[in-house]
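All residue numbers for the sequence shown refer to our numbering, where the first residue is 294 and numbers rise by one.
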Amino acid sequence: MATGEASETGDDPSESGLRHTRGSAYYARNAEWLAKRYESLSFETVHQESLSFLPPAPARVADIGAGTGRDAAALTERGYEVVAVEPVARMREVAQRLHADAPVVWLEGALPHLACLNGPFDVLLVSAVWMHLAESDREPAMRRLHELLTPGGVLFLTVRHGPGPEEQQLFEVPDDETLDLARACGLRPVNVWEGSDRLGRGQVCWTRLVLSRECA
């Protein structure tokens, strides 16, 4: 996941939230180093609890805050039609180089608005993104995710807890807040796990949620 600032990425200033944080500079400056870390873990390792909740392929997937493209590329290998959204230009460049053979459609955009995306999608993957959103952006972001999902569609959301570099700009988001907000926006919790950091950072842990848009 990466965040974006107009001066760093050339992003459309009509987007707010992730792209207007100082964290964009961190991701742009460290893109190559972060790629080595992220790509050292497989999609299956990072998302092992959630794999059984994926619908059968082919299905339409949006990877929001796609970072270095590891997950987007892995999903295409599984037969899914994947759109990857990443606000930081440098991260997109690295991702497209590393996964040049993957039939991923890359877009520039950010929560909370995601004006670049046209739904509906069967699956939304929002991995290591939510803790970059300020409190005022989280409600409109959840509503936008609900809009993008087809009825019965699935949202995979992972939320980091614990310290990080100050320049990364992380917010501590209580799990109760996320779950209450999801329910208020019409997303039903299917499963919730809490676990350690798979990169071995001792002070970091994660909440992994599977949420489903309620059918009318």
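Glycine included, each C-beta is placed from N, C-alpha and C at the ideal position. These numbers were taken from a predicted model, which means no experiment stands behind them.
Using 8 Å as the threshold, is the C-beta distance between H439 and W499 below it? Sequence index remark: in the sequence shown, residue 439 carries index 146 (1-based). Sequence index remark: in the sequence shown, residue 499 carries index 206 (1-based). In this structure, H439 sits away from W499, with a CB-CB distance that is not shorter than 8 Å.
Does the contact criterion of 3 or more C-beta pairs under 8 Å hold for the region 339–350 versus the region 387–395? no
C-beta atoms of M424 and V452 nearer than 8 Å: Reading the sequence shown from its first residue, position 131 is the one you call residue 424. Reading the sequence shown from its first residue, position 159 is the one you call residue 452. Yes, the Cβ-Cβ distance between M424 and V452 is below 8 Å.
Whole angstroms is fine: what's the gap from G316's alpha carbon to D394's? Taking the sequence shown and counting its residues from 1, the one referred to as residue 316 is at position 23. Taking the sequence shown and counting its residues from 1, the one referred to as residue 394 is at position 101. The alpha-carbon atoms of G316 and D394 are separated by roughly 29 Å.
In its own chain, which residues sit with a C-beta less than 6 Å from the C-beta of P433, not counting the 5 before and 5 after it? Position 140 of the sequence shown, counted from the first residue, corresponds to residue 433. Closer than 6 Å at Cβ, skipping near neighbours: P405.
If distances are taken between C-alpha atoms only, which option among W399, G495, E459 and L334 comes closest to A355? Taking the sequence shown and counting its residues from 1, the one referred to as residue 355 is at position 62. Nearest of W399, G495, E459 and L334 to A355, Cα basis: W399.
I believe Y331 touches T361 by the beta-carbon criterion, under 8 Å. Please report the beta-carbon distance rounded to the nearest angstrom. Here residue 331 refers to the residue found at position 38 when the sequence shown is read from its first residue. Here residue 361 refers to the residue found at position 68 when the sequence shown is read from its first residue. Correct: roughly 5 Å between the Cβ atoms.
Compute the Euclidean distance between the alpha carbons of R476 and L450, then round it to the nearest angstrom. Along the sequence shown, one-based indexing puts residue 476 at 183. Along the sequence shown, one-based indexing puts residue 450 at 157. Taking the straight line joining both Cα atoms gives about 14 Å.
Nearest CA to the CA of T443: which residue from L407, F414, D468 and R494? Against the sequence shown, residue 443 aligns to sequence position 150. The residue with the shortest Cα to Cα distance from T443 is F414.
With 16 as the cutoff for other CB atoms within 10 Å, does G437 come out buried or exposed? As a first step, residue 437 is located in the sequence shown; it is residue number 144 there, counting from the start. Rather than Gly, the amino acid found at residue 437 in this sequence is Arg. So R437 counts as buried.
As assigned by DSSP and simplified to three states, the class of V387: The residue given as residue 387 occupies position 94 in the sequence shown. In the structure shown, V387 sits in a helix (DSSP, three-state: H, G or I).
Can you tell me the Cα-Cα spacing of P458 and W486, whole angstroms? Along the sequence shown, one-based indexing puts residue 458 at 165. Along the sequence shown, one-based indexing puts residue 486 at 193. Approximately 25 Å, taken between the alpha carbons.
What is the residue span of the beta strand (DSSP E) that G446 lies within? Along the sequence shown, read from residue 1 onward, the residue named residue 446 stands at position 153. That run of the beta strand (DSSP E) goes L442 to H454.
So, helix, strand or coil for T500, using DSSP? If you number the sequence shown from 1, residue 500 lands on position 207. Note: T500 maps to strand in three-state DSSP.
Going by CA-CA distance only, name the one from Q461, D468, R501 and R363 that's closest to N323. Locating residue 323 in the sequence shown gives position 30, where the first residue counts as 1. Looking at the Cα atoms, Q461 is the closest of the given residues.
Buried versus exposed call for R312 [16 or more other C-beta atoms within 10 Å across all chains shown]: As a first step, residue 312 is located in the sequence shown; it is residue number 19 there, counting from the start. Because the pLDDT of R312 is 44, which lies under 50, any placement of that residue in the model is unreliable, and the question is left without a value.
Starting from the Cα of R501, find the closest Cα among V422, L463, L391 and G446 and give me that residue. Here residue 501 refers to the residue found at position 208 when the sequence shown is read from its first residue. Here the closest residue by C-alpha is V422.
Boundaries (first-last residue) of the alpha helix (DSSP H) holding V339: Walking along the sequence shown from the start, residue 339 turns up at place 46. Note, V339: alpha helix (DSSP H), F336 to V339.
Own chain partners of D468 with C-beta closer than 6 Å, once the 5 adjacent residues on each side are dropped: Here residue 468 refers to the residue found at position 175 when the sequence shown is read from its first residue. Excluding positions up to five away in sequence, the list reads T500.
Assuming V447 and S505 are in contact, meaning their beta carbons sit under 8 Å apart, how far apart are those beta carbons, in whole angstroms? Within the sequence shown, residue 447 is the residue found at index 154, counting from 1. Within the sequence shown, residue 505 is the residue found at index 212, counting from 1. The pair is a contact, with the Cβ atoms about 5 Å apart (cut-off 8 Å).
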